[in-house]
Amino acid sequence: IEAVKACGEAGIRVKMITGDHAVTARAIARQLRLVNADVVLTGQDLALMSEDELRQRVQDVDVYARVNPEHKLLLVKLMQELDLIVAMTGDGVNDAPALKRADVGTAMGHNGTEAAKEAAEMVLADDNFASIAHAVEEGRTVYDNLKKAILFILPTNGGEALIILAAILFGFHQLPLTPVQILWVNMVTAVTLALSLAFEPPEQNVMQRQPRDAHEPMLTPHLIWRVGFVSVILMSGTFGLFIWEIDRGMSIEHARTVAVNTLVVFEIFYLFNSRYIKDSVLNWAGLTGNRYVLIAIAVLVILQLGFTYLGPMQSLFGTTGINFSIWLRILLVASSVLILVEMEKYFVRRAKAD
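Using the working numbering, you'd call the opening residue of the sequence shown number 1025 and step up by one each time.
This is how it looks when you write it as structure tokens:
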């Protein structure tokens, strides 16, 4: 009952297709609190209806009794023609055609026949409907986390490209970042920060959302805007501090060290933004809810200190030590991405609410 309720909140319509008597089916449907538990169509009713008549009713009717395998297959076909994503459960040989036709055929692991298991995309190991609801939650979480990781990685590359482009447009003969420094940034942030997003727990509203459009691309126009917006922020702050150090008469090695550290610290702050795509992260759970994020940041800080101060690393990457006041400047500039992206999220949420 709780799983059916959770599916309803997640925008998933649960339907019962059974070989049992209509009275039995209606009684169980009422116990399960299906959306429309009072109307039951039997196999005999389906045989008397044309496909067009059934197509008009298939979305509203949730209980089908005394049906045969052909009816199951027909119901799946008609729902798919209405652009619905259909998951079908079954255990017998007769269920195999419908399981094969469904978008997500789900066979029973304990009581299911081998034919049903072969025809299905997924096998339910414990034969428990509640496990399907848990699988939906897990699937949505995995999809969210993939999106978050991509949304985190792309502005890194976008910011780096814009920094090089800005240097060329402003006529700098020496670039703010060398190829080996860019390689370092990409390597350490992908291994530490981006990887930590794979361990993000489900968001609180993950099972209260309507299903996404199956044809929707991974990068929606809003997310493309977010990538561009963050890339410009990273470029502005990193290139700005690079110019600042050059104008102060500092060496190119010093200015590049500041630029690389600014870019990395930008990414540390932006990692918090990336934990929630739309919701605000400025709360205790948002800042500390994923311990892997905190571990990744600690590891990255150690790596960056080695990158900046260790002699072999300085020789390899062309860096030099910087003093405490410069670190404060870097932190001040880099923290701007956290505030600006949270402001952007706020205005997007407000626009959608209106």
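The beta carbon of each residue, even a glycine, is placed where N, CA and C say it ideally should be. Remember, predicted model here, so these are calculated numbers, not experimental data.
Query	Result
Straight-line gap, Leu1311 to Phe1296 (C-alpha atoms, nearest Å)	7 Å
In DSSP terms, what Leu1065 is bridged to	Tyr1088
Where the alpha helix (DSSP H) containing Met1367 begins and where it ends	Ser1360 to Ala1377
Whether Glu1240 touches Asp1168 by CB criterion (8 Å)	no
Assigned exposure category for Ala1144 - 16 Cβ within 10 Å defines buried	buried
Through-space distance from Asn1285 to Gln1450, alpha-carbon basis	Residue 1450 lies beyond the stretch modelled for the chain, which goes from 1025 to 1378, so this question has no answer here.
Whole runs of the alpha helix (DSSP H) within the region 1240-1287, excluding any shorter than 4 residues	1245-1271
The beta strand (DSSP E) enclosing Ala1131, as first and last residue numbers	Val1128 to Met1132
Burial state of Gln1328 (16 or more Cβ within 10 Å)	buried
Pro1245, buried or exposed, once every other Cβ within 10 Å from all chains shown has been counted against 16	exposed
Backbone CA spacing between Gly1163 and Leu1340 [nearest angstrom]	43 Å
Leu1186 versus Glu1277 - alpha carbon distance	20 Å
Simplified DSSP assignment, three categories, for Thr1213	helix
DSSP state of Ala1185 mapped onto helix, strand, coil	helix
Local Cβ density within 10 Å of Trp1249, reported as buried at 16 or more and exposed below that	exposed
Where Val1147 sits in the DSSP three-state scheme	strand
Among Thr1281, Asn1210, Ala1218 and Glu1138, the one whose alpha carbon lies nearest that of Gln1338	Thr1281
Test item: CB-CB of Ala1283 and Pro1225 under 8 Å	no
Proximity below 8 Å, CB of Asp1151 to CB of Gly1129	no
Beta-bridge pairing of Gly1342 - partner residues as DSSP gives them	Partner(s): none; Gly1342 has no beta bridge.
Bridge partners - Ile1041, DSSP secondary structure assignment	Tyr1088
Nearest-angstrom Cβ-Cβ length linking Tyr1316 and Phe1223, presumed shorter than 8 Å	4 Å
Collapsed DSSP secondary structure at Gly1114 in the structure displayed	strand
CA-to-CA distance, Asp1086 to Glu1033, given in whole angstroms	16 Å
Close beta carbons around Thr1113, own chain, < 6 Å, minus the five adjacent residues each side	Thr1130
Cβ-based burial, Leu1170 [other Cβ within 10 Å; buried from 16]	exposed
Which of helix, strand or coil DSSP assigns to Met1231	coil
Member of Asp1237, Val1289 and Ala1214 whose CA lies at the smallest distance from the CA of Thr1262	Val1289
Closest residue to Val1365 among Arg1079, Ala1159 and Ser1304 (Cα-Cα distance)	Ser1304
For Ile1192, three-class secondary structure by DSSP	helix
Run of the alpha helix (DSSP H) containing Ile1326, from where it starts to where it stops	Arg1315 to Tyr1333
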